[in-house]
Amino acid sequence: MATPFSVQGQHVVVVGAARSGLAAIDLLQSRGAHVTLADAAATFDGADALRSRGVSVELGPHRPDQFTSANLVVLSPGVPPDQDAIARAREAGVPVIGELELASRWLKGRVVAITGTKGKSTTTTLTSRMLSEGSVDAPAGGNIGAALSAQVDASTDATVHVVESSSFQLETIETFHPWIAVLVNLSADHLDRHHTFEAYAAAKARIFENQTADDWAVVNADDPAALALAAGARARRFDFGLQAPVTDGVTVEGPSIVRRERGTSAPLVPLSAIQVPGRHLLSDVLAATAVGCLAGVPADAMVRAVEGFHGLAHALARVGTVEGVTFVNDSKATNIVSATRAIESFERDVVVILGGKHKGGRFEDLRDVVKARCVAVVAIGEATPLVNAALSDVVPVRQATSMGDAVRQAWGLAPVGGTVLLAPACASFDMFRDYAARGEAFVEEVRRLSDGQSSVLAPR
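Just so you know, we're using my numbering here: the sequence shown kicks off at 1149 and counts up by one.
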């Protein structure tokens, strides 16, 4: 029998002072560890509060001796694992794991882990709602909501943890073992961190690594890259898809989402119950429904969950209309594929706001959809030259210096009945704290425009 995992009396270094790192500190202290927080930032607002609890706080450039003297190093997801000080710790024989792995070692109950390039958050949230409607204790967390470390103390043997799992989290697992692993789709993303698509895909593939033949792999049958990545999984397969043939899984027939099994179909959720826009979000609903099937959720509970789900903030969220122009916030569209899907949700007359911190991928891949559905592009942030070079011969491309400038210019370019869409295809860190802060800035500037108080005063 394996020895239970323990940090009692050990020195653990947590790297990164963001949400996951702070949750890891709380968990480790509750389990008797002596904790040091190491963060490369020069200042941290919560440092004094942590020190008052007995946490050592080391700010600024990492020193290798901080890490090599530890019994364990725990990385927040935003911390690249190939940093020199972390490599030195590994060379010294110090275990290095991520916060997701740490939490999973103490977690009770079962895990539904959801990954993919686009749609993780929507699928995770709706899956949690479906299971909860079916009377299952099914908190959502991980890469959204509460960090998994914050859920450990409340977990029970009956809990099903629905965990959004990013490539950053999965690349530092060792024993993390989902009962159901969901791959919603796969395309190039985060190449600024993983450097190659192959490395990014390999990190995603780790979601299946510790599964057995008693587990389930839920895979998007419409996505060849996802199918290829899941081909080596040991778990039983249960597919979902809109277009590809599905023999054992979930698909759409006529007016309903159905479960196909042994040549028969059973209706589960009427399409009329779906409240979120966009064909790609329908695929996310299918993925959540597939998990609901495997977890034994009754069809009526699935329907209630779908009917009550109106989407996530910053994901194709309608902000309002100003003088006949509709504004839509999809700040969560942080890569080329997700921006493509967002633009495809509208037929024509779109002005799309693109740009930010480039994570990889080609803006040239947007040319066809931009030409077909957009009347103009407004470029923001560090990626402005790339957006301009890729798209300026397709539609007019305007450059903006701020979100207020971008909103005002886009409004001026959009025809009555048209749409201004924030779908940046980039990370936000050149201008904003995160995608949510970027989306909130967009919403605020639309409000100011509607009130006649825009921070950019040029007339329409």
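Note that the Cβ used here is the ideal one computed from N, Cα and C, for glycine as well.
Practice task
In the DSSP assignment, find the alpha helix (DSSP H) that holds residue 1345 and state where it starts and stops.
Solution key: 1345 to 1353
Exercise for the section: Return the CA-CA distance between residue 1604 and residue 1547, expressed in angstroms with no decimal places. Expected result: Residue placement at residue 1604 cannot be trusted, given a pLDDT of 45 that sits under 50; what the coordinates show is reported in the next sentence. Cα to Cα, the separation comes out at about 14 Å.
Practice task
Note down, in chain order, each residue of its chain lying with its Cβ closer than 8 Å to the Cβ of residue 1206, except the 5 sequence neighbours on either side.
Solution key: Around residue 1206: 1184, 1185, 1186, 1187 and 1214.
Practice task
Report the three-state DSSP secondary structure of residue 1409 (helix, strand or coil).
Solution key: strand
Practice task
Output the distance between the C-alpha atoms of residue 1327 and residue 1378, rounded to the nearest integer angstrom.
Solution key: 15 Å
Exercise for the section: Would you mind giving the Cβ-Cβ distance between residue 1354 and residue 1319, rounded to the nearest angstrom? I have them listed as a contact below 8 Å. Expected result: Residue 1354 to residue 1319, Cβ: 7 Å. Contact.
Practice task
Using the Cα positions of residue 1208 and residue 1196, report the straight-line distance between them to the nearest angstrom.
Solution key: 16 Å
Handout entry: Supposed close pair residue 1475, residue 1467 - CB separation, criterion 8 Å
Key = 4 Å
Problem - Residue burial classification, residue 1471 (beta-carbon count within 10 angstroms, cutoff 16) - result: exposed
Exercise for the section: Measure the beta-carbon distance from residue 1266 to residue 1485 and round it to whole angstroms, keeping in mind my assumption that it falls under 8 Å. Expected result: 6 Å
Practice task
Throw me the rounded Cβ distance for the residue 1345 and residue 1477 pair, which I believe falls under 8 Å.
Solution key: By a beta-carbon distance limit of 8 Å, residue 1345 does not contact residue 1477. Their separation comes to about 28 Å.
Problem - Backbone secondary structure at residue 1178 - three-state DSSP - result: Residue 1178: helix per DSSP, three-state reduction.
Handout entry: Contact between the stretch 1291 to 1304 and the stretch 1486 to 1502 (3+ Cβ pairs under 8 Å)
Key = no
Handout entry: residue 1535 and residue 1503 closer than 8 Å at C-beta
Key = yes
Problem - Assigned exposure category for residue 1391 - 16 Cβ within 10 Å defines buried - result: exposed
Exercise for the section: Label residue 1386 either buried or exposed according to how many other C-beta atoms from any shown protein chain fall within 10 Å of its C-beta, with 16 as the threshold for buried. Expected result: buried
Exercise for the section: Put residue 1331 into one of helix, strand or coil per three-state DSSP. Expected result: Here residue 1331 carries a strand assignment [DSSP, helix/strand/coil].
Problem - Range of the contiguous beta strand (DSSP E) that encloses residue 1547 - result: Note, residue 1547: beta strand (DSSP E), 1545 to 1547.
Practice task
Using only alpha-carbon positions, find the residue among 1371, 1325 and 1500 that is nearest to residue 1382.
Solution key: 1325
Handout entry: 4 or more residues per run - each alpha helix (DSSP H) lying fully within the stretch 1198 to 1233
Key = 1212 to 1216
Handout entry: residue 1243 versus residue 1237: straight-line alpha-carbon distance, rounded
Key = Using only the alpha carbons, I get a separation of about 8 Å.
Exercise for the section: Check whether the Cβ of residue 1415 lies closer than 7 Å to any heavy atom of the ligand HEM, and answer yes or no. Expected result: Among the components of this structure there are no ligands whatsoever, and the ligand HEM is therefore not found.
Handout entry: Contact belief for residue 1365 with residue 1389 at Cβ below 8 Å, rounded distance in angstroms
Key = Their Cβ separation, rounded to whole angstroms, is 14 Å, which puts residue 1365 and residue 1389 out of contact at 8 Å.
Handout entry: Rounded straight-line distance, which links the Cα of residue 1177 to that of residue 1171
Key = 10 Å
Handout entry: Pick from 1316, 1167 and 1524 that is closest to residue 1496, judged by C-alpha positions
Key = Out of 1316, 1167 and 1524, 1524 has the C-alpha closest to the C-alpha of residue 1496.
Practice task
Report buried or exposed for residue 1359, applying the criterion of at least 16 other Cβ atoms within 10 angstroms of its Cβ.
Solution key: buried
Exercise for the section: Measure the beta-carbon distance from residue 1515 to residue 1538 and round it to whole angstroms, keeping in mind my assumption that it falls under 8 Å. Expected result: 7 Å
Problem - For residue 1378, the first and last residue of its enclosing alpha helix (DSSP H) - result: 1372 to 1378
Handout entry: Strand pairing of residue 1500, partner residues [DSSP]
Key = Beta-bridge pairing links residue 1500 to 1525 and 1569.
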